[in-house]
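To keep things clear, I will list the structure first and then write my remarks on it.
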Amino acid sequence: MAQAWLSREWLQRNINTIIPIMGFIALVIALRMANPYFLTSWDSVITLVYGMSWFLIAACGLTLVILMGSFDFSVPSVLKLSAMIFAVLYPSMGFSSIIVAIVVGLIFGFINGILLARFNIPSFMATLATSMVAEGLAQVISGGYTRMITDPAFRAVSTTMILGLPSIFYWAIVVWVICIFMTFMTPFGRMIYAVGSNIVGARLAGVNVKMVRTLVFMICSLLASIAGILYASQIQGAHMQVGVLDMIPLFASVVVGGTALTGGVGGVHRTLLGVLIIRWLDSGLSMLAIDLNVRMIIFGAIAITMAILTIDRRRIRIMK
Amino acid sequence: MKSEVERLKIGSVIAASIWRLVKVNPAVWAIVALVVIFSALVPDKFLSTSNLVAILKNFAVTSMLAVGPTFVILLGSIDVSYMGIWMFGGALVWLLYPYLGLASIAIYPIFGLLVGLFNGVVHVKAKVPSFILTIAVTAVLAFLTTYVRNISGVLTLIVPAYNFLRESPIPYIPSPFLLALPVIVLALFIMFFTKLGTYFCAIGSNEEGAKLAGINVEKYKILAFTLSGLLTGLGSIAIFVHLGCQTRVDFDPSELVRGLAAIVLGGTPLAGGMGGPHRTLLGALVYVLIFNGLFLLPGVDPNHLKLYVGTLLLGAVIAASRALKGALIA
Chain A
165 MAQAWLSREW LQRNINTIIP IMGFIALVIA LRMANPYFLT SWDSVITLVY
215 GMSWFLIAAC GLTLVILMGS FDFSVPSVLK LSAMIFAVLY PSMGFSSIIV
265 AIVVGLIFGF INGILLARFN IPSFMATLAT SMVAEGLAQV ISGGYTRMIT
315 DPAFRAVSTT MILGLPSIFY WAIVVWVICI FMTFMTPFGR MIYAVGSNIV
365 GARLAGVNVK MVRTLVFMIC SLLASIAGIL YASQIQGAHM QVGVLDMIPL
415 FASVVVGGTA LTGGVGGVHR TLLGVLIIRW LDSGLSMLAI DLNVRMIIFG
465 AIAITMAILT IDRRRIRIMK
Chain B
76 MKSEVERLKI GSVIAASIWR LVKVNPAVWA IVALVVIFSA LVPDKFLSTS
126 NLVAILKNFA VTSMLAVGPT FVILLGSIDV SYMGIWMFGG ALVWLLYPYL
176 GLASIAIYPI FGLLVGLFNG VVHVKAKVPS FILTIAVTAV LAFLTTYVRN
226 ISGVLTLIVP AYNFLRESPI PYIPSPFLLA LPVIVLALFI MFFTKLGTYF
276 CAIGSNEEGA KLAGINVEKY KILAFTLSGL LTGLGSIAIF VHLGCQTRVD
326 FDPSELVRGL AAIVLGGTPL AGGMGGPHRT LLGALVYVLI FNGLFLLPGV
376 DPNHLKLYVG TLLLGAVIAA SRALKGALIA
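These protein sequences, in sequence, are chains A and B. Numbering-wise, the first sequence is residues 165 to 484 according to our numbering. Numbering-wise, the second sequence is residues 76 to 405 according to our numbering.
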């Protein structure tokens with residue numbers, strides 16, 4: 165491993181670390197030049213934190229699935245469905261509706277996992293179908309309307325200020341740290357990497373591949389549900405605007421962090437930087453009054469470029 | 076006399092292939108069952124002339140979204156860029172019409188070809204998973220279309236000069252169907268009368284084996300993507316006419332699912348290696364019959380379309396999953 169610093173091999177080996185860090189530094193400099201008020205007041209920091217916290221929770225779940233070499237399309241849809249179930253049930257059930265929302269999320273994760281592990285259906289296809297079902301269910305239970313929750317007790321879940329930052333920030337960091345701990349310190353985490361880097365090898369080594377796949381999809385949907393409930397708390401309700409289109413920035417933030425699409429390379433710890441880059445870029449571009457559609461085009465281009473750069477080509481022989 | 080023999084041979088080939096089509100395709104039985112069920116439940120609505128014409132129109136649209144990508148699915152890869160080609164191609168026609176006049180419709184196949192070529196080259200040379208690549212391409216093209224609409228300050232990207240294409244020369248046969256026919260014939264010709272169909276199936280069922288057998292796998296993969304783009308571009312003209320000489324300007328995932336559902340319902344397995352455009356045509360007919368009949372039933376809310384589409388796709392992929400046993404799937 166002793167390669168000369170900044171040599172060609174070193175660059176090739178560490179490209180998925182170098183690009184996010186350089187990109188982040190370049191982004192901060194560019195945003196400062198474009199907008200002299202960027203990050204000068206504490207209020208702007210809080211706004212950025214609100215923008216990225218729920219997003220980070222959902223991105224952590226997606227990272228786990230991508231680490232395993234699969235893909236989960238249903239993250240934003242499950243997020244929306246959980247938020248919507250919670251917002252619809254909250255007036256009658258109070259905080260116990262959290263349980264319903266989370267159970268629905270877990271069921272969706274279980275279906276995704278079973279479709280891949282038991283029925284052998286490609287994960288993007290299976291999750292595309294379940295995401296449509298989740299979107300449809302959200303439409304059915306809400307009637308297509310925005311549902312408001314005006315209870316201050318619920319809003320306090322995400323907006324209580326602790327040490328100058330809203331509590332949703334701490335929720336997100338706790339989820340992030342737990343995910344890092346799980347992937348690096350537990351046998352289950354190593355199994356995720358094993359399945360992602362070599363599924364045949366993992367099976368031969370005695371890893372229960374079907375169980376790992378199902379569990380990771382369930383964790384991913386659980387995190388999406390939690391993100392949805394916290395997001396509902398932050399914006400005081402649930403609306404139909406979140407959806408499949410949020411998949412693009414979500415996916416971009418995972419690959420920009422340096423997690424390779426082929427699985428086994430990267431980690432949840434990288435996703436924080438990816439989320440920072442994508443959300444700050446998003447708010448920077450919207451401060452420059454750039455059209456939402458153009459922002460999405462930019463994220464799509466970034467995601468594909470990073471995906472091309474981070475894929476480990478020495479390992480794959482057949483790419484479908 | 077040679078032509079007589081050839082004609083006989085072609086005739087028997089067609090007869091045999093029709094028999095095989097019925098025997099191996101559950102979609103045929105599904106079509107029969109759907110027609111019987113809906114004719115029994117809502118005979119006056121389902122069997123009315125206007126409804127049958129609507130079925131033909133929707134069949135043309137759905138099959139045009141699905142026929143091209145079938146060639147890529149034969150390889151075991153996937154191509155969902157049809158939505159982007161259809162949407163942004165229409166925007167290009169609208170943009171170029173003031174300069175090129177009626178010839179600007181030709182931009183559709185050219186654009187489709189270029190997008191397909193791009194997909195193929197990036198997928199093969201840079202080894203990006205085809206699904207991620209093509210869905211990103213679709214998203215970028217769809218947002219570009221919405222952006223073009225937004226900056227030009229019009230509500231729809233409509234080109235009224237092509238309205239003459241909406242008049243069908245044959246009564247009861249809608250013009251989108253007539254425009255779709257040549258594309259269908261082209262796809263079937265490529266599948267059954269050129270070596271391409273066989274090569275795609277060979278690559279899809281065993282890529283290493285195909286390589287060892289001397290097939291230039293990279294070339295034929297790029298060719299499959301290009302072909303998919305070209306056919307989608309040609310087929311998009313029928314959809315363009317169907318929508319009243321305009322294109323869609325906002326991205327709707329249920330339209331994206333339409334093409335995939337038609338392919339899966341037709342019975343081309345996602346692992347590749349078998350199937351083809353003929354199955355996709357049957358799948359498109361199943362899809363169209365299901366939704367046509369469903370919305371004729373009392374108490375079915377069209378606002379819940381996404382739920383029905385999602386459930387249908389879910390059921391279809393589960394029903395088709397027995398072909399995927401033992402495959403290594405990501």
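Cβ coordinates follow ideal geometry from the N, Cα and C atoms, glycine included. Small disclaimer: the values here were computed from a predicted structure and weren't measured.
Secondary structure within the region 274-323 of chain B: the alpha helix (DSSP H) runs of 4 or more consecutive residues, fully enclosed, are 282-287 and 292-317 (chain order).
Interface annotation for the region 425-441 of chain A against chain B: LEU425, criterion Cβ-Cβ distance under 7 Å. Within the region 286-309 of chain A, PRO286, SER287, PHE288, MET289, ALA290, LEU292, ALA293, THR294, SER295, MET296, VAL297, ALA298, GLU299, GLY300, LEU301, GLN303, VAL304 and GLY308 place their CB atoms closer than 8 Å to a CB of chain B, listed in sequence order.
Between the beta-carbon of B/ALA346 and that of B/TYR362 there is about 21 Å, and that puts the pair past the 8 Å contact cut.
Here A/GLY401 carries a strand assignment [DSSP, helix/strand/coil]. Counting of Cβ neighbours within 10 angstroms places B/ASP325 among the exposed residues, the total staying below 16. Annotation for A/MET470: the continuous alpha helix (DSSP H) segment containing it runs 456-474. Taking a cut-off of 8 Å for Cβ pairs, the region 374-394 of chain A and the region 196-215 of chain A do not touch, as fewer than three such pairs fall below it.
Within its own chain, the residues whose Cβ lies closer than 6 Å to the Cβ of B/PHE113, once the five positions on either side in sequence are excluded, are PHE121 and GLY368, listed in chain order. By the criterion of a C-beta distance shorter than 6 Å, A/GLY428 is surrounded in its chain by TYR357, GLY360 and SER361, once the five residues flanking it on both sides are discounted. Judged by their CB atoms, A/GLN303 and B/LEU382 are nearer to each other than the 8 Å cut-off. Taking A/GLY269 as reference, the option from A/VAL321, A/ILE363, A/ALA247 and A/THR469 with the minimal CA-CA separation is A/ALA247. Near chain B, meaning a CB-to-CB distance below 7 Å, the residues of the region 449-460 of chain A are ASP455, ASN457, VAL458 and MET460.
Residue contact check for B/HIS379 against chain A: a CB pair falls below 8 Å.
Per the DSSP secondary-structure output, A/MET289 pairs with nothing in a beta bridge. For B/VAL203, the residues of chain A that pass the 9 Å Cβ criterion are LEU425, ILE468, ALA471, ILE472, ILE475 and MET483, in the order they occur in the chain.
The Cβ atoms of A/ILE313 and A/ALA396 sit closer than 8 Å to each other.
Between B/GLY304 and B/GLY191, the C-beta spacing is below 8 Å. In the DSSP assignment, the residues bridged to A/ILE326 are A/LEU329.
Excluding residues up to 5 positions away in sequence, GLY342 lie with their Cβ nearer than 7 Å to the Cβ of B/PRO101 in the same chain.
A/GLY464 has a beta carbon lying within less than 8 Å of a beta carbon in chain B.
Any Cβ of chain B closer than 8 Å to the Cβ of A/PHE283 would place that residue at the interface, and such an atom is present. Counting along the chain, the unbroken alpha helix (DSSP H) around A/ILE189 starts and ends at 179-198. Counting C-beta atoms within 10 angstroms of its own C-beta, B/ASP376 has fewer than 16 neighbours from the protein chains shown and is therefore classed as exposed.
Residues of chain B with a Cβ closer than 8 Å to the Cβ of A/ILE412 are, in chain order, ALA211 and ALA214. In the structure shown, A/MET216 falls within a helical segment according to DSSP collapsed to helix, strand and coil. Taken atom to atom, the span from the alpha-carbon of B/VAL392 to that of A/ILE442 is near 34 Å. Put simply, the CB of B/SER396 is near chain A, with a gap under 8 Å to one of its CB atoms. From the listed residues B/PHE267, B/ILE278, B/ILE248 and B/ASP154, the smallest Cα separation to B/ILE85 is found for B/PHE267.
Counting other Cβ atoms within 10 Å of its Cβ, A/PRO351 stays below 16 and is therefore classed as exposed. Listed in chain order, the non-local C-beta contacts of A/SER447 below 7 Å within the same chain comprise LEU212 and GLY215, local neighbours out to five positions each way being set aside. DSSP lists A/GLY401 as the beta-bridge partner residues of A/MET312.
A/LEU394 sits away from A/ILE210, with the two beta carbons spaced by 8 Å or more.
Taking 4 residues as the shortest admissible run, the region 207-246 of chain B contains no complete alpha helix (DSSP H) segment at all.
Within 8 Å of the CB of B/GLY385, the CB atoms of chain A belong to ALA293, THR294, SER295, MET296, VAL297, ALA298, GLU299 and GLY300, in sequence order along the chain.
In terms of CA proximity to B/VAL234, B/VAL316 leads the group B/VAL332, B/ALA135, B/SER396 and B/VAL316.
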